[in-house]
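Chains as they are written, first to last, in the working numbering: chain A, 25 to 689; chain B, 280 to 855.
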């Protein structure tokens, strides 16, 4: 008989069953070894040194980066280890902003709970923190450098899971810090605002930006009609903050709480998710029929949209032009309610309750503004909703469930599963399958697109044609898949992309969790809700039909297009004001922007600039033409790049530019 | 004996039954069979109204649960549709109602319909039928009522409106709509619906019947909390008018028959006793009367399996609130009237006359031949001694159920025991006055019945009784000498706390005392004799010693004399 390999941990024999490192084995022994920098889905970093254990014959070793070996003898709790852990935490605190009660992470902070766990009553070291300014430049996230413990979780999640790499370590030694490139603000770099960094941050160094105060202000303003929309993934997570199991839907209690806070109408984003299905499904069928712009990428996830705008502008036309359910809701509700209730748009406040930090950014995109008013005024995360409930003093678990308002409160199961990765695809399939085959079917479940993997594929045959789908979550997965599609290795008709692993249930706005089980339970909760609802296909939603009949006209029609669709733009990854070379005082002027990035510089941008300035002076055009230099148009292979007006000139020469200026004059 | 058949709708949990006869008393059709003091529900006679379940103080009556049957249907992969009775609106409050469909789907049901859609058709058909007939008509959706008429009022069967119940009609509609393979489960407040589902006409339509009690238990055990279910609609909207069905007069209202409660031709009645008395009283040659009886008082919202803490008033409000939520709606008439078919016929033969001789024989057995002994007290559960006697003959009741008879019997026995006891027994009230004493006591203490009512101190030292009366002691056992009565007794005194009485039992041990005296005398005598013997022997010894001494002395004297003589012979020579 083969002997079972084991490790002796604190006098207990723990069998080795494929654990990747000693830390996992220690945790299997039901010992909660503290860590800041270890996340099972990220690479092992070993920087926080909190998981040090004593291995017989080897002394102190970090458990996270030590492979397990048979018959190791491990102690996790010796005098030396305890005192070392205390010193580590004390040192961290000595360089930490200790304003815990006012920190957004208060009560959920791992440093705070660890200090309390280790019984640290006094920090023996002098506080050496040099208070730095908060980075509030982005509308989604707040970066507080004073609370960073340099565990690097955010850095790794951003590059390993999302392949964005918007933040990294800068400087060395005691000056080390985590920040965006060139010390820029988060709002000016390629951050897609998915917020996964804030999800893994053990302290309050990265947190979702709160809009709670703005919401209270509007609720307190008697002139404003405040309406709420609740995203699907929120309902299966709010309860976690109030003692319910993850995945247990508390929709009725949320509605009840919102009414108590003073919301005038409470609606369900799942309703506009149903609407999204219809619009997106129509668009898909149209593309299939015309056989163009295939594959169609989903566009519900704002982080993915920004990602595509930055890295894959050539694919933007493949993205569904549909707005996300949040924005469809904003546009539709403001339009319909202002007419129905006889209100001015500016007196209606739409508050979204989202599992997502990127939705805050999405709501503020200029495309989603009409008559100077945003379609969605405020976006609060699930966490912020919980905070508002706590602030109100409502006993959430004891609230009597209430119902959504109609018509935007009525949804089908398809609109609910949007909150899980694969949900959008399945919802669209439920529509497309019936539309293409022309047959009504009782079956509504497409199990093939469900699952836990970050990349899933499915194919089904409708009317003799095979449809291939891919469902990805995590932008690194998306990037890999897109590269393969671009290389012609893979071919799909429909690709669903969600930035957060597992979809919106794992969004950064959700209550903080560390157990990976939590996400699965939330997902299960959504699919159960789908099962429990009367209708499961968006096309069966009678209120959607009603909205088309009375308001929108036909699906994909002009009014629907104006309200429910959008466009995307190529987006620079890093924003920087250009340097003005000469300034014009005239209103009607020609703007010439010469790229001075490395690529263009090497290809002669400087010479081009000198020539064009000489030309302007010679022809006395300095009042008509304004020249500036910019940092990188991100078309380095086509340099030198010059932008004149809105037109981009690749491989620009002086002659061509001169022609263009004359043309413009 | 056919008892507790697993298929039986209502049955007794024998372990809990404490033969109180409450079920016999409340059963409107006396379908409770008593056997060795244990109540059983007679399946043939039972109309499954559920009254005994409600009333049994020991919760020893219950009904068959069909949850497992339904679970098996679902597990077998069948498509199972629910027909939900409109009274659900009285069993669940508003927010629960909005989430009930979700919870049912979570249990696995694939279609949640509302029985009121069947009820609407039933009401329309009833109206047509009544209009055509122009005579006495009984219109009801109540299966307990039909069970009752078929068994106990068979002469009224021809007046039942021949339309199936909303449950059956709706389940037929469901099967037609969703396919013959679809299973149907009715969920309602009614236990009799379980028996209706076994009727010939319903068997094809209704695959199982659950009550709200079973549903709530099932949800609990499955860990489904209505509060955490997504709100959702039923697969069928209710029909507003037909939602009145669970209330008395609801059928009439849905059928469009106006009833202000004071009309000659229309009446509605609910509650078992009220229904029985009206149906027994109504003349059969009635010119024109439409009557709508419901067996449960206040209608189905007060059904035996409602399972709500709300009182009937609140239930009625909830139901009416729910009714008013829906706009008046009418439905298309059914394509095929066959869906409405129903047949009724006599079941069993329980109205047979019993001969007077047999009744008299039972009376004799229970000491009731004398009409003055027929108290008709109802303690046995039957309304009269005669009815109980008939039940005894039919094997439904036992002679021992008559409490006055059993009491007399018991009293005879206890009286004799006390009366004939050789021990004196006295019973005192809380003031320690004598309320009862037996013959032996009277003899011991030389008193007559005139001592009744007197304080115990009149006869003997009350100290012991007072000790027990003070509560210090529960029971006192001692031996007492009553010298003035020349009596010695073991006395046992104890309290009957509930009755606030005290009992004294006196065991005469005077005889025993005399025997002891004699024994002691004998003992004393024996000792005396032994002493005397000893003294005598000492005296003898002393005498013997005396004689011996005297003798020795005499011998000594003699020898001395001889020696002197000898000496003197030697002194005188001349003699030789």
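Beta carbons: idealized from backbone N, C-alpha and C, even for Gly.
Identify the contact partners of residue i in chain B, using a Cβ-Cβ distance below 8 angstroms as the criterion.
{"i": "residue 273 of chain A", "result": "507, 508 and 509"}
{"i": "residue 277 of chain A", "result": "506"}
For a contact meaning CB atoms closer than 9 angstroms, what does residue i contact in chain B?
{"i": "residue 535 of chain A", "result": "Within 9 angstroms Cβ-Cβ: nothing; residue 535 of chain A doesn't reach chain B, min ~16 angstroms."}
{"i": "residue 556 of chain A", "result": "378, 380, 381, 382, 383, 384, 385, 508, 509 and 511"}
{"i": "residue 425 of chain A", "result": "374, 375, 377, 378, 505, 506, 507, 508 and 510"}
Could you check which residue in the options has the C-alpha nearest to that of residue i?
{"i": "residue 714 of chain A", "options": "A:244, A:323 and A:64", "result": "For chain A, the structure presents residues 25 to 689; residue 714 of chain A sits outside this window and is missing."}
{"i": "residue 528 of chain A", "options": "A:326, A:298 and A:127", "result": "A:326"}
{"i": "residue 197 of chain A", "options": "A:174, A:295, A:213 and A:184", "result": "A:174"}
{"i": "residue 532 of chain B", "options": "B:779, B:776 and B:418", "result": "B:418"}
{"i": "residue 673 of chain A", "options": "A:638, A:168, A:540 and A:615", "result": "A:615"}
{"i": "residue 263 of chain A", "options": "A:307, A:234, A:371 and A:409", "result": "A:409"}
{"i": "residue 555 of chain A", "options": "B:382, B:355, B:460 and B:365", "result": "B:382"}
{"i": "residue 629 of chain A", "options": "A:254, A:191 and A:617", "result": "A:617"}
{"i": "residue 32 of chain A", "options": "A:401, A:311, A:511 and A:49", "result": "A:49"}
{"i": "residue 501 of chain A", "options": "A:358, A:184 and A:57", "result": "A:184"}
{"i": "residue 67 of chain A", "options": "A:44, A:478 and A:57", "result": "A:44"}
Tell me which residue opens and which closes the beta strand (DSSP E) that residue i is part of.
{"i": "residue 376 of chain A", "result": "372–378"}
{"i": "residue 30 of chain A", "result": "30–33"}
{"i": "residue 619 of chain B", "result": "Run containing residue 619 of chain B: none; DSSP gives neither H nor E here."}
{"i": "residue 495 of chain A", "result": "489–497"}
{"i": "residue 406 of chain A", "result": "Taken as a continuous stretch (DSSP letters only), residue 406 of chain A belongs to no beta strand (DSSP E), being part of the alpha helix (DSSP H) at 406–416."}
{"i": "residue 553 of chain B", "result": "Where residue 553 of chain B is concerned, there is no enclosing beta strand (DSSP E), although the alpha helix (DSSP H) it sits in stretches over 551–560."}
Quick one: Cα of residue i to Cα of residue j, how far?
{"i": "residue 557 of chain A", "j": "residue 384 of chain B", "result": "8 angstroms"}
{"i": "residue 784 of chain B", "j": "residue 773 of chain B", "result": "9 angstroms"}
{"i": "residue 705 of chain B", "j": "residue 759 of chain B", "result": "16 angstroms"}
{"i": "residue 661 of chain B", "j": "residue 743 of chain B", "result": "48 angstroms"}
{"i": "residue 292 of chain A", "j": "residue 432 of chain A", "result": "6 angstroms"}
{"i": "residue 329 of chain B", "j": "residue 556 of chain B", "result": "19 angstroms"}
{"i": "residue 755 of chain B", "j": "residue 646 of chain B", "result": "41 angstroms"}
{"i": "residue 422 of chain A", "j": "residue 500 of chain B", "result": "21 angstroms"}
{"i": "residue 834 of chain B", "j": "residue 848 of chain B", "result": "21 angstroms"}
{"i": "residue 300 of chain A", "j": "residue 368 of chain A", "result": "26 angstroms"}
{"i": "residue 129 of chain A", "j": "residue 328 of chain A", "result": "26 angstroms"}
{"i": "residue 617 of chain B", "j": "residue 398 of chain B", "result": "15 angstroms"}
{"i": "residue 225 of chain A", "j": "residue 40 of chain A", "result": "30 angstroms"}
{"i": "residue 61 of chain A", "j": "residue 544 of chain A", "result": "23 angstroms"}
{"i": "residue 479 of chain A", "j": "residue 496 of chain A", "result": "4 angstroms"}
{"i": "residue 857 of chain B", "j": "residue 599 of chain B", "result": "For chain B, the structure presents residues 280 to 855; residue 857 of chain B sits outside this window and is missing."}
{"i": "residue 636 of chain B", "j": "residue 650 of chain B", "result": "15 angstroms"}
Tell me residue i's beta-bridge partners as DSSP assigns them.
{"i": "residue 653 of chain A", "result": "A:603 and A:618"}
{"i": "residue 465 of chain B", "result": "B:362 and B:488"}
{"i": "residue 231 of chain A", "result": "A:166"}
{"i": "residue 393 of chain A", "result": "A:398"}
{"i": "residue 83 of chain A", "result": "A:79"}
{"i": "residue 286 of chain A", "result": "Residue 286 of chain A is not bridged to any residue."}
{"i": "residue 519 of chain A", "result": "A:321 and A:494"}
In terms of residues, what are the limits of the alpha helix (DSSP H) holding residue i?
{"i": "residue 773 of chain B", "result": "Where residue 773 of chain B is concerned, there is no enclosing alpha helix (DSSP H), although the beta strand (DSSP E) it sits in stretches over 766–775."}
{"i": "residue 633 of chain A", "result": "629–642"}
{"i": "residue 385 of chain B", "result": "373–386"}
{"i": "residue 141 of chain A", "result": "134–141"}
{"i": "residue 636 of chain B", "result": "635–644"}
{"i": "residue 99 of chain A", "result": "Premise fails: residue 99 of chain A lies in the beta strand (DSSP E), 97–99, not in any alpha helix (DSSP H)."}
{"i": "residue 783 of chain B", "result": "Premise fails: residue 783 of chain B lies in the beta strand (DSSP E), 780–787, not in any alpha helix (DSSP H)."}
Strictly below 7 angstroms CB to CB, what residues from chain A border residue i?
{"i": "residue 514 of chain B", "result": "558"}
List the residues of chain B whose Cβ lies closer than 7 angstroms to the Cβ of residue i, in chain order.
{"i": "residue 553 of chain A", "result": "509"}
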